[in-house]
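Have a look at the structure below, then the notes.
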Amino acid sequence: MQTHFFEDLVVIELASVLAGPSVGMFFAELGASVIKIENKANGGDITRQWKLEKEDANSSLSAYYRSVNWGKKQLFLDLKQEKDKSKLYELVKSADLLVSNFKPSSARKLGIAYEDLKTLNPALIFAQLTAFGMENERLGFDVVLQAEAGFMYMNGEIKGDPVKMPVALIDLLAAHQLKEGILLALLRREKTGQGSFIHVSLLEAAIASLANQATNWLIARHIPQRMGSQHPNIAPYGDIFYTKEGKAIVLAVGTNRQFYALCELLNCRELSSDKAFKTNDLRVKNRDLLKKKLEVFFQQYTFHDLMPEIHKAGIPAGQIRNMQEVFEQDLSQQMLLKFKDGSTCVKSVAFQIRT
């Protein structure tokens, strides 16, 4: 894949934590020169300090920080000091893109808002992230947005507590939205020479990603409830089954053909002809009974005997892997980036472009 699409692009990153830095890393991976401005008055990006117990307490870089800061040049400035702010202004004059997650009022107070910087560089693309919008400066880390956007309410086991996703999902969704806006702004600038202001709020990015769960409410007035990994519209989809030796498999059976093929493979053809399970609507209605019946048949097979046959039969299913097992896959190894000290992180660019 081409990795130098943006080799002439200069990006200034005035952002910390995850959403903004992941945008910066996207451009770094594709060849841009990314300058990450960190606050020298408080030790820089807070995620430098977000370490696991297993990590080296003396290192200035946490695993979390490394996850979204590959390929950047770090520059420590105190933007409350005029000398340091002047250095930023000089960089802005020749920059193409600036990514910021400063609160709008703080940016105006410091003289680094879009209105200030576009006078230095009218072609500058200024990409702004907020939590709840330009007019609401309420703080919002990812878990807060997962709560406010309905994700936590929907996520968790039946009758259990709300649960957040184990990655900062809303930050990543907002980063993707911002990248899309930036790419459109770059295209527009190619045609007009004009810069742009782009704004993405985490809340809007989260709401835009509610997909069918949103329309289940908007059209059917159904409030999605916690149901583990199961699907409100399909069964058996998201149901987890254990093989003879205790390996976990999740099913994603979306069609009648796939269900009939599963019953044939497990040697339980009587389930495919049972009036309670003949159609998807009936399987959704009787999902608990269906799961109990299928569990018995899964436990008759070992994982290594069953999984290849499931794939061969065209039945969507997956092994539930821990992180070590994830990176035992060949494709996972192709998704790694190396730092100069030999440590690794995962690429943010997952697409391939060929001519």
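Using the numbering used here, the first residue of the sequence shown is number 14, and each one after it goes up by one. Quick reminder that beta carbons are idealized off the backbone N, C-alpha and C, glycines included.
Query, Result
"Rounded C-alpha distance that separates residue 139 from residue 189", "16 Å"
"Nearest candidate by alpha-carbon position, reference residue 311, set 170, 269, 262", "262"
"Backbone CA spacing between residue 23 and residue 53 [nearest angstrom]", "22 Å"
"Spatial distance of residue 352 from residue 84 (CA atoms)", "8 Å"
"Buried versus exposed call for residue 282 [16 or more other C-beta atoms within 10 Å across all chains shown]", "exposed"
"8 Å contact criterion, which residue 211 and residue 195 should meet: CB distance rounded", "6 Å"
"Short Cβ contact (7 Å threshold) for residue 184 with residue 155", "yes"
"Residues bridged to residue 332 (per DSSP)", "262"
"Exposure of residue 313, with buried meaning 16 or more beta-carbon neighbours within 10 Å", "exposed"
"Limits of the unbroken beta strand (DSSP E) element including residue 140", "138-143"
"Cβ distance (whole Å) where residue 306 is taken to contact residue 284 below 8 Å", "6 Å"
"Cβ separation of residue 142 and residue 32, assumed to be a contact under 8 Å, to the nearest whole Å", "5 Å"
"DSSP three-state assignment for residue 314, whether helix, strand or coil", "coil"
"Residue 86 in three-state terms, based on DSSP", "strand"
"Rounded straight-line distance, which links the Cα of residue 134 to that of residue 101", "12 Å"
"Beta-bridge partners of residue 64, as assigned by DSSP", "Partner(s): none; residue 64 has no beta bridge."
"Touch test, the region 35-44 against the region 54-71, Cβ-Cβ under 8 Å, three pairs minimum", "no"
"Distance, residue 46 Cα to residue 87 Cα", "11 Å"
"With 16 other Cβ atoms within 10 Å as the buried cut-off, status of residue 249", "buried"
"Where residue 47 sits in the DSSP three-state scheme", "strand"
"Cα-Cα separation between residue 167 and residue 76, rounded to whole angstroms", "30 Å"
"Alpha-carbon to alpha-carbon, residue 298 and residue 74", "51 Å"
"Residue 351 - partner residues in DSSP beta bridges", "357"
"Cα-Cα separation, residue 146 to residue 218", "11 Å"
"Residue 293, DSSP secondary structure in three states", "helix"
"Cβ neighbours of residue 290 in the same chain (closer than 7 Å, five flanking residues each side left out)", "284, 296, 299, 303"
"Sub-7 Å separation of residue 108 and residue 25 beta-carbons", "yes"
"Boundaries (first-last residue) of the alpha helix (DSSP H) holding residue 189", "182-205"
"7 Å Cβ cutoff, residue 259 in contact with chain B", "The structure shown has no chain B; it contains just one protein chain."
"DSSP state of residue 299 mapped onto helix, strand, coil", "coil"
"Residue of 137, 242, 148 minimising C-alpha distance to residue 119", "148"
"Residues sharing a beta bridge with residue 250, DSSP", "265"
"Residue range of the alpha helix (DSSP H) that includes residue 36", "32-42"
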